[in-house]
Structures are given as structure tokens and as C-alpha cells.
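K.L.:
Numbering (the numbering used here), first residue to last: 31 to 854.
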């Protein structure tokens, strides 16, 4: 009988080499392609420049007239939009020294750039070049101009209105500052000092950090005064979180009927960042800390007046064990730390205070798993919008600590007109994820329509395995050809990462009319903090999120020494793509990936290996600019297996975390790290070939035969495998810190490679980083690679235990045994 509950395996085969990484030659032309076969018609462009220049001069006079505070230095900001990504290493100094424009911020994947006018004399030269171009093209005046301006699409003043983002209250206002740059000491630092003095002089309650600030209980007039006078402000928004759930119709179920029987066990702790957890429920026995210890509201962290955090906490602790009845004895998978950041359904949230409590929870209680289901649902991200301040803060703290935050997409709640809304409503920009769900170092959870119950009701989604209509999608629109193309898009960046059950609407009749009820039988059964209710039905990503966190708690219990990025990789690697058939046939592949992420988790696959399937774990690090490889040996009994096609299925996921580069959307992740599982080649092998040019000249070149410097087609095992998973060829390509592949292996592939495949890892800095910008990121990059190898016997065929045979010929150690050895 097959053993289906085997522990996963540490992969410890010796590294075959570590050498400097050679990428393929190339990287796209960006905005420096100046070779034109014929002169284009620049008339329209000149007309745009003329209008841009006229409006810029009006706007700059208006901004100057609104300045009421004397500062040690003022500067004006010009936003230039380029036709392609601005090549910072190549042109930053040129724009500064020739045009007097100091680069401060890049957005829209580096097509939009913010420059401070640092030198008025040089800026006047830039303005004269714009005017010369306009005169040349519109007035046929034979005036010469700098050809670099031909790569500018438009320009304008960055004004006070641009600094004001999404504000719906003044209890908590977040200010994001301009990024660093060549002129930081001259322009930014003096204004930061003046800003601190302004806040203190006016007795304004605040928290000031290096890159951002928060203002508490302020006013519209104060915010306007700040953005009118302080030029280094980039964005301003209110910290207003909300519990977005529809009203429920159904009657509650009363009296608690379950008992936790393992409260004294040493369990992982999950930090529930929410509206509090009621200690008047059976959850009290697994609550840690004291009431109010982790509470930004001052109302008590063991009080849940919103009736939200308690239900979230129950799913985090138990998963779906108590559904449908919440009765009987139950074992918790985790203990709970209540981190209260909101007391009502809506309210101001201090992002910095939330980050401080995350740090405190990790330091004092070693909390490594957190749930965050309160986001800015009122302000979903626009298509291709840059990262929010909140996401940046969460990515930063996650890059520094061994933690993983489970973030809900928030819910897209709208007036349902009927089943015709499904799935077309996913295409709306309003269905995009809301901050901070775009966080890259953490994991974002959406919802499928399942509720863990066998119900045959007429629900909104045609199948319980389909994404729920309220779940949100990634805001990066890879079908937007003005922003992306096949070379610059990256389909490995997906938010949500995975989807878990969150329930669904049910068709009901009210007063003879068809309606859709979110609190009826198709909803999840939720533990209530209301002692008069006990449980109630509800739907939402708020409850899908802790269900995913519960799986992580199970993993941490079983494999306590694994890094949290490994836990993230295991969750994604053990998830399966959602099959939607014809229901989503009008959606492109890009759209479906934006909605469904990497699919839904299979808990058994995530937790266990078995005789036919072995999951190998690599936890390692690599420095930028290097490549390494490892061999993985395959047992010879596979060579005589009956099945020829699809004998093995390999699924692999890479995850790594990074310190975010906060002033540049395209370079937000400053590293490229990827992997390949491919042919039995050497790491760094070359041969010399003689090439003859068109004019007859001969030259010798090194041609790679191994992994270093080679293309995917030369290293991949077969047509279904990938080669380099993320092929970083174009410098304006978006990179992802999560990459997953799955492919089948033929028997002949195994034989041809002498029963040995190679795992190769390479890393590089983003090609658009300047040498100075690389300096803070000159450090080893920890990465986690999870590889599942599964054998697929032919019908009526019995194969040896792949799990056991792999251990005989490789250096693999059962994780539980390795952890015990480490403790001894």
C-alpha cells in the first residue's frame, strides 16, 4: 500500500559551480533608438509641445502664487512622458547636466518621469530646444534642436492637485515623499527639515519617517497648505479602511457548541490584523497577549464590535473543521494574536502604527503568519497604477523579517442586476484589487464560490470551483498595448496569488422579484462575536484569506524551520489552475490569470509527499550577477517503464523577497532571479566559432554550450518545458519574485540526459539601475525553490517508490528528520 503522508525533502545535492552570470546580448532599444529610415511627420507632436509649453507656464505661475510659507529652497516639478521606458543609467546625467532637470521619480513602468528644475539657466536651454522644435515643425524655421527631445511624448507641471490622491477623511492623512536622487541633499533634505519644523510649530499630531509621514486629526486647509508649499510631497491619501460586506438577510444560529481541546499545545501563532477578536467565544482559550496590548483604537483588542475579526480568527485557527455546525471537540491549528486596527465598519487606519505592531508581534511572540483583510476597498487601483504606500511599507517590513502576510483582495460589491453580471463584471476597472493587495513580498488571496457544503442551490457562479464575483483581479492590464507588449509583460506576477472558498450569492425571491442573497445557504458559516447570534452566513475574501493562512499554519506546525518564503512557494506550487470551460471564453488568457492567480490549493499536495510524488525544498541564496547549478538524479527503473509520454510531471515554484525600490515602478523589484530545470549540461562551457561579416571580415566568438549565457531553447528538456522560466532579455521588462512552471517529461528525455537533469539559478540587477542605485542592494538574495516530481504509471503498471528511489541516488533529507538533527 502506498504511503501518502510522507514528509517533504530538503534538497542537498552539492552545487556544481558558481560563476559570474552572462545574459544573452540585447535588452531592447528603449528610448535611445535614434536610427530613422525616413523623417516622420512631427507636426502633431509640435502642436502637443506648443500646448504643453503654454499650459506649463500658466500652471507654474499659479503654483508660485499659492506659496505662503518661506522655505530654505523651493523647486518646480516637471513630469515628462516618454514614448518608451526612460533609460536612467544612460540619460539621467544628460538631462541634469544639459537641461538642468534632476530625476526624482519614475512611474508608468518608467515612461513617466518626474524631474525637479534644479538649474534655471540649463532649464531655459531645455525650453529653448522645445521652442526651436516647435518653430522648426510648425513655422518651417530652420532652427536646430537637441534630438533627445524627440523621445518625449508630452510634459506638464506636477501640481498640488497631482499630489492629492484619494482622501475621504482627515483623521489620518498619509504623505509619500519624492524619491532620492542626485539632488537629494540640495533639494529634498532642506524641505524635509522645514516640514518637520512646520509640523512642530503648528502642534500638528504626526509621525515622520524617512520616506513618508502621517498626520492625525487634521483639516482640509492644513493639507492644502502643505501641498501648496512643500514641493517634495509626491502623494497624499487618507488612511481609511473598511470592512466591505453586503448586508445579510438570513437568521443567525445561536449558542456556542464547540470546545477547543488542545489549547495547551505549542502551536503557531497567527496575527489577526482586524477589528478585534471577542474573548466571549470559545476562541478565548487560544488568544495570546493581554487585552489592548496590540490595539491602535484604544477600545480593547478582545472586543469585536464590527463582528468581523472574530470570524476571520476562527477560520485562521480551524480552517473549515467546524463547518457546517460549529459543534463538538476541535483541535486548533494555530493560536491567535488580536491586532486591532479598526473598531467600526469604517475608520481611519494608521499604516505606520500597523507596521509597528507587526514588528512588535514578531519580536515579542515570534508571529510569522498574519492576516490582513481590511484594505482600501473604496479606492481600487486603476489599471497599471504604481504601488501604494501601504503596499510599500508591507513589502519593506516583510523583506526585513521572516514573516508572511495574507492579504485579501477586498470585495467588489456592486448592485447585482442578474446572472448576466457573471463573469463580465470582472472586466470592470472597479473590480481591480485595492491597496495593499498588490504587495509582492506577501501573498494575496481571492475567493472561489465554494462554501465547504454540498449545496445544490442556484448560485451566482455556475460552479463552486469558479472565482466568486466579488473577488478582485490584478490591476496590471497586460492586454494594454500602450503600456505592455509580449516582451515587457510578465504573466508570473499575479494577484490574487491563490483563491480559497469564500461562499457565493444565492438566488432568492423577495416580494415576487428575483434577488441575490449573500447571507443565505451558499455563504460560509461564520463564527459571530455577537453572543445572541453564535454563527451566521456571509461571503467574502475576508474569510477566504484566513482559510489560506490556516494551511500555512499547518505547514509551519509540520515543518517549523522553513522560511516563510518557502511556505509561500509551497502554497502556490501545490495549487491547481482553475478550469472554467466556456464560461470565460470571452476572456483572454491574460484576463483569466489576473482573476484566478495560480488557482486553488490542494492541501494534501501542499502538506505531504507520497510514493509516487516527492516534493524537494531548496532554501539558498545568490548574489546579483551570478549563476549556479545543481544536478538532480533520476532512478533507472524509469527507463523501462511502460509509459513513454508524460512519464513524469514536474511542478516548480520560485519565491524570493526583496527590499523595494520605492521611487521607481519598473524597478520596484530591483533584482531578476530565475531558474531552469533542463538538460544535463555543464554550467559554464563554451566553444569558439568563426563568424564572417558581410564585408568579409572574420572574427572569433564564444558560443555557450552550457547554461551560462545560453538561450532557453538550448537548455530546455522538450517542447513543453520552459528553459529559463523568466527570460530577462528586455531591460524594460517587468520582473516577478514569484515564478511557477509545470511540464511533462517523456521517457526518452530521461534516457537522453543519462537520468540527470540540472537545476540552474541565475540572478542580475535590473538593467535600468544606475551603478549608484545598485549599492544599497549589493547583498545576497535568499530564495526558495519548491520542486514536485510526480511519476505517472501506465494503466495497471506498478512502479517503484519514486520517493524512496530519489533518496537513494540524491542527497535528500526528510525535513522532519533534518529539523530534529538541527535541534540536537
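Just so you know, even glycine gets a beta-carbon here, dropped at the ideal spot from N, CA and C.
Distance check for residue 138 and residue 30, CA to CA, integer angstroms please.
P.N.:
In the structure as shown, the chain starts at 31 and stops at 854, and residue 30 therefore has no counterpart that could be examined.
K.L.:
In whole angstroms, give me the CA-to-CA distance for residue 856 and residue 122.
P.N.:
Nothing about residue 856 can be read from this structure; the chain reaches only from 31 to 854.
K.L.:
Check each candidate in 131, 169, 140, 713 and name the one with the smallest Cα separation from residue 157.
P.N.:
Position 127 of the chain shown holds residue 157. Of the listed residues, the one whose Cα sits closest to residue 157 is 131.
K.L.:
Have a look at 767, 656, 360 and flag the residue whose alpha-carbon is nearest the alpha-carbon of residue 687.
P.N.:
Within the chain shown, the letter at position 657 stands for residue 687. Comparing Cα-Cα distances from residue 687 to each of 767, 656, 360, the minimum goes to 767.
K.L.:
Nearest to residue 509 by CA position, among 571, 499, 622, 446, is which residue?
P.N.:
As a working mapping, residue 509 is identified with position 479 in the chain shown. The residue among 571, 499, 622, 446 with its C-alpha nearest the C-alpha of residue 509 is 622.
K.L.:
At what residues does the alpha helix (DSSP H) containing residue 82 begin and finish?
P.N.:
The residue given as residue 82 occupies position 52 in the chain shown. Residues 73 to 95.
K.L.:
Which runs of the alpha helix (DSSP H), 4 residues or longer, sit entirely within the region 761 to 824?
P.N.:
Whole alpha helix (DSSP H) segments, 4+ residues: 777 to 782, 801 to 804.
K.L.:
Starting from the C-beta of residue 580, find all residues in its chain whose C-beta is less than 6 Å away, skip the five residues before and the five after it, and write them out in chain order.
P.N.:
Counting from one through the chain shown, the residue named residue 580 turns up at place 550. The residues are 346, 349, 363.
K.L.:
Under 8 Å, with one C-beta from each stretch per pair, do the region 413 to 426 and the region 137 to 155 reach the 3-pair mark?
P.N.:
Touching, yes, given that three or more Cβ pairs across the two stretches are closer than 8 Å.
K.L.:
Do you know how far the Cα of residue 613 is from the Cα of residue 814?
P.N.:
Along the chain shown, read from residue 1 onward, the residue named residue 814 stands at position 784. Along the chain shown, read from residue 1 onward, the residue named residue 613 stands at position 583. Taking the straight line from one Cα to the other gives about 35 Å.
K.L.:
If contact is defined by three or more beta carbon pairs under 8 Å, each pair taking one atom from either stretch, is the region 713 to 729 in contact with the region 766 to 786?
P.N.:
The answer is no - the region 713 to 729 does not touch the region 766 to 786, with fewer than three Cβ pairs under 8 Å.
K.L.:
Give me, in chain order, the residues of the same chain whose beta-carbon lies closer than 6 Å to that of residue 262; leave out the 5 immediate sequence neighbours on both sides.
P.N.:
In the chain shown, counting from the first residue as 1, residue 262 sits at position 232. Correct list, in chain order: 207, 208, 218, 221.
K.L.:
Here's the rule I'm using: 16 or more other beta-carbon atoms within 10 Å means buried, otherwise exposed. How should residue 266 be labelled?
P.N.:
Here residue 266 corresponds to residue number 236 of the chain shown, with the count starting at 1. Buried is the call here.
K.L.:
Tell me where the beta strand (DSSP E) around residue 659 begins and ends.
P.N.:
Within the chain shown, residue 659 is the residue found at index 629, counting from 1. Its beta strand (DSSP E) spans residues 656 to 663.
K.L.:
Within its chain, find whatever has a CB closer than 8 Å to the CB of residue 389; leave out the 5 residues flanking it on each side and keep chain order.
P.N.:
Here residue 389 refers to the residue found at position 359 of the chain shown. Excluding residues within five positions, the ones whose Cβ falls inside 8 Å are 427, 431.
K.L.:
Looking only at C-alpha atoms, which of 506, 775, 825, 761 sits nearest to residue 749?
P.N.:
One-based indexing of the chain shown puts residue 749 at position 719. It is 775 whose Cα lies nearest to the Cα of residue 749.
K.L.:
When you compare the CB positions of residue 198 and residue 268, do they come within less than 7 Å of one another, or not?
P.N.:
The residue given as residue 198 occupies position 168 in the chain shown. The residue given as residue 268 occupies position 238 in the chain shown. Yes. Within cutoff.
K.L.:
In chain order, what residues of the same chain have a beta carbon less than 7 Å from the beta carbon of residue 773, not counting five sequence neighbours either side?
P.N.:
By 1-based counting over the chain shown, the position of residue 773 is 743. The residues are 680, 750, 751, 752.
K.L.:
Which residues in the same chain as residue 310 place their Cβ atom closer than 8 Å to its Cβ, once the five residues preceding and following it in sequence are excluded?
P.N.:
Here residue 310 refers to the residue found at position 280 when the chain shown is read from its first residue. So the list reads 559, 561, once near-sequence residues are dropped.
K.L.:
Quick check on the burial criterion: 16 or more other C-beta atoms within 10 angstroms. Buried or exposed for residue 397?
P.N.:
On the chain shown, residue 397 is found 367 positions in, with the first residue counted as 1. Label assigned to residue 397: buried.
K.L.:
Please report how far the alpha carbon of residue 115 lies from the alpha carbon of residue 474, in whole angstroms.
P.N.:
Looking up residue 115 in the chain shown gives position 85. Looking up residue 474 in the chain shown gives position 444. One C-alpha to the other measures close to 28 Å.
K.L.:
What first and last residue would you give for the alpha helix (DSSP H) that runs through residue 314?
P.N.:
Stepping through the chain shown from its first residue, residue 314 is reached at position 284. Premise fails: residue 314 is in no alpha helix (DSSP H) and is neither H nor E.
K.L.:
Within the continuous beta strand (DSSP E) that includes residue 843, where are the two ends?
P.N.:
Within the chain shown, the letter at position 813 stands for residue 843. Residue 843 -> beta strand (DSSP E) spans 842 to 844.
K.L.:
Mark residue 838 as exposed unless 16 or more other C-beta atoms lie within 10 angstroms of its C-beta, in which case mark it buried.
P.N.:
Taking the first residue of the chain shown as position 1, residue 838 is located at position 808. Exposed.
K.L.:
Does the beta-carbon distance from residue 491 to residue 534 come in below 7 Å?
P.N.:
In the chain shown, counting from the first residue as 1, residue 491 sits at position 461. In the chain shown, counting from the first residue as 1, residue 534 sits at position 504. Yes.
K.L.:
Could you tell me the boundaries of the beta strand (DSSP E) in which residue 247 lies?
P.N.:
The residue given as residue 247 occupies position 217 in the chain shown. Counting along the chain, residue 247 falls outside any beta strand (DSSP E), and DSSP gives it neither H nor E.
K.L.:
Quick one: Cα of residue 223 to Cα of residue 254, how far?
P.N.:
Along the chain shown, one-based indexing puts residue 223 at 193. Along the chain shown, one-based indexing puts residue 254 at 224. Taking the straight line joining both Cα atoms gives about 19 Å.
K.L.:
Where residue 842 and residue 668 are concerned, what is the direct C-alpha to C-alpha distance, given to the nearest angstrom?
P.N.:
Locating residue 842 in the chain shown gives position 812, where the first residue counts as 1. Locating residue 668 in the chain shown gives position 638, where the first residue counts as 1. Looking at the two C-alpha atoms, the distance is approximately 19 Å.
K.L.:
With DSSP as the reference, please indicate the residues paired to residue 717 in a beta bridge.
P.N.:
Your numbering for residue 717 matches position 687 in the chain shown. Residue 717 is bridged to 733.
K.L.:
Can you look up residue 340 in the DSSP assignment and give me helix, strand or coil?
P.N.:
Locating residue 340 in the chain shown gives position 310, where the first residue counts as 1. Residue state, collapsed to three classes: helix.
K.L.:
Residues bridged to residue 402 by DSSP?
P.N.:
For the purposes of this step, residue 402 is taken as residue 372 along the chain shown, with counting starting at 1. In the DSSP output, where bridge partners are listed per residue, residue 402 has 303, 437.
K.L.:
Output needed for residue 202: all residues of its chain with C-beta closer than 7 Å, excluding positions within five of it in sequence on either side, in chain order.
P.N.:
For the purposes of this step, residue 202 is taken as residue 172 along the chain shown, with counting starting at 1. Taken in chain order, the residues that qualify are 244, 246, 268, 269, 378, 379, 380.
K.L.:
Could you check if residue 302 is buried or exposed, using at least 16 other CB atoms within 10 Å of its CB as the buried criterion?
P.N.:
Taking the first residue of the chain shown as 1, we reach residue 302 at position 272. So residue 302 ends up on the buried side.
K.L.:
Go ahead and label residue 454 buried or exposed: buried means 16 or more other beta carbons lie within 10 angstroms of its beta carbon, across all protein chains shown.
P.N.:
For the purposes of this step, residue 454 is identified with residue 424 of the chain shown, where counting begins at 1. When all chains shown are included, residue 454 counts as exposed.
K.L.:
According to DSSP, which residues form a beta bridge with residue 566?
P.N.:
Looking up residue 566 in the chain shown gives position 536. DSSP lists 556 as partners of residue 566.
K.L.:
Taking the CB atoms as reference points, tell me whether residue 402 and residue 299 lie closer together than 7 Å.
P.N.:
Translated into positions along the chain shown, residue 402 becomes position 372. Translated into positions along the chain shown, residue 299 becomes position 269. Against a cut-off of 7 Å, the Cβ pair of residue 299 and residue 402 comes out as no contact.
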